[in-house]
Every structure is written in structure tokens, then in C-alpha cells.
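Undergrad: The following block contains the structure, expressed as C-alpha cells.
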Amino acid sequence: MLFCGLFWCASIPFEDEQFDKVYAVNSFHEWGEALPGLMEARRVLKPGGLLAIVEHPHGKLDAKTIQEIQNDLATQISSAGFDVVQYTNRIQGRTAIAIVGKKQKTNS
1 MLFCGLFWCA SIPFEDEQFD KVYAVNSFHE WGEALPGLME ARRVLKPGGL LAIVEHPHGK
61 LDAKTIQEIQ NDLATQISSA GFDVVQYTNR IQGRTAIAIV GKKQKTNS
């Protein structure tokens with residue numbers, strides 16, 4: 001099933017463990033407090049499911065700032081019960097911050 005929708009990240013209107021993947025593209029910076037949204041994404045993902053977050057920062061950021069943002073994202077995703085499996089700060093030549101987390105198969 002493919003579903004594309006617009007709704008509040010902390011209240012996803014689906015039952016538990018319905019999706020293999022959840023994407024947040026250019027929206028994570030709007031979430032406010034991230035943990036409730038990350039926990040909600042974890043709730044609707046099947047065990048082993050993937051969460052991908054991609055942000056294209058406005059303006060120029062130096063490599064140190066991009067790495068700090070990426071490290072912060074990794075910490076937040078880990079705190080919500082995901083294993084960080086991949087991250088990058090370049091996509092097709094544009095500056096981007098992208099991170100993929102995998103839902104752990106057991107509750108922790």
C-alpha cells in the first residue's frame with residue numbers, strides 16, 4: 001500500500017504496524033518537539049520497518065554545522081527506538097541531510 005497524506009506527525013491516523021516505510025521530506029524541521037512524532041512513526045511501522053528523514057537546508061551551511069545537525073538527528077532517532085542504518089549529507093549534488101532509521105524488532 002502506498003499512502004501520501006498531510007497530517008500531524010504526533011497523531012498518524014493508522015493502526016499499529018501498518019507500514020514498511022515512513023518518509024518525512026522537508027518537514028521534520030516543522031515538527032516542533034520531535035520525539036512524539038518519531039514515536040508515532042515507530043508505532044505505525046512494522047518490525048524492521050524504515051523511517052527516512054530528508055531535509056534540504058536553506059542557505060549555505062558549513063560542513064561542521066551539517067554534521068552537527070546530522071548527529072542531532074541520529075541521537076533523536078535512536079532515542080525513539082530506531083537503529084540508525086544510514087545517513088548522508090549530499091543527494092544528487094545538492095546539500096541535503098538524510099538519515100534512515102530501522103525500527104528495532106523488540107521494544108526497548
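Everything in the sequence shown is counted per the UniProt record's numbering, starting at 1 for the first residue and increasing by one.
Glycine residues also receive a C-beta, built at the ideal position from the N, C-alpha and C atoms.
#1: Pick from A63, V25, K64: whose alpha carbon is nearest that of V100?
#2: Starting from the Cα of G81, find the closest Cα among I66, Q67, K103 and give me that residue.
#3: How many angstroms separate the CA atom of N89 from the CA atom of V22?
#4: Since P57 is in the beta strand (DSSP E), which residue starts that stretch and which ends it?
#5: Less than 6 Å between C-beta atoms, sequence neighbours within five positions excluded: which residues of the same chain meet that for D16?
#6: Could you have a look at P13 and say whether DSSP puts it in helix, strand or coil?
#7: Between the Cα of F28 and those of I69, T95, D20, R94, spot the shortest distance and give me the residue it belongs to.
#8: How would you call L35, buried or exposed, if buried means at least 16 neighbouring beta carbons within 10 angstroms?
#9: Let's test the definition: count the other Cβ atoms within 10 Å of the Cβ of G37 and tell me whether it reaches 16, buried, or not, exposed.
TA: Well, looking at it:
#1: Taking only the C-alpha atoms, the option nearest V100 is V25.
#2: Distance from the Cα of G81 is smallest, within the candidate group I66, Q67, K103, for K103.
#3: Roughly 19 Å separates the two Cα atoms.
#4: First-last for P57: undefined, no H or E at that position.
#5: So the list reads R43, once near-sequence residues are dropped.
#6: Here DSSP, grouped into helix, strand and coil, assigns P13 to coil.
#7: Per the Cα distances, I69.
#8: With fewer than 16 other beta carbons inside 10 angstroms of its own, L35 counts as exposed.
#9: Around the beta carbon of G37, 16 or more other beta carbons sit within 10 angstroms, so the residue counts as buried.
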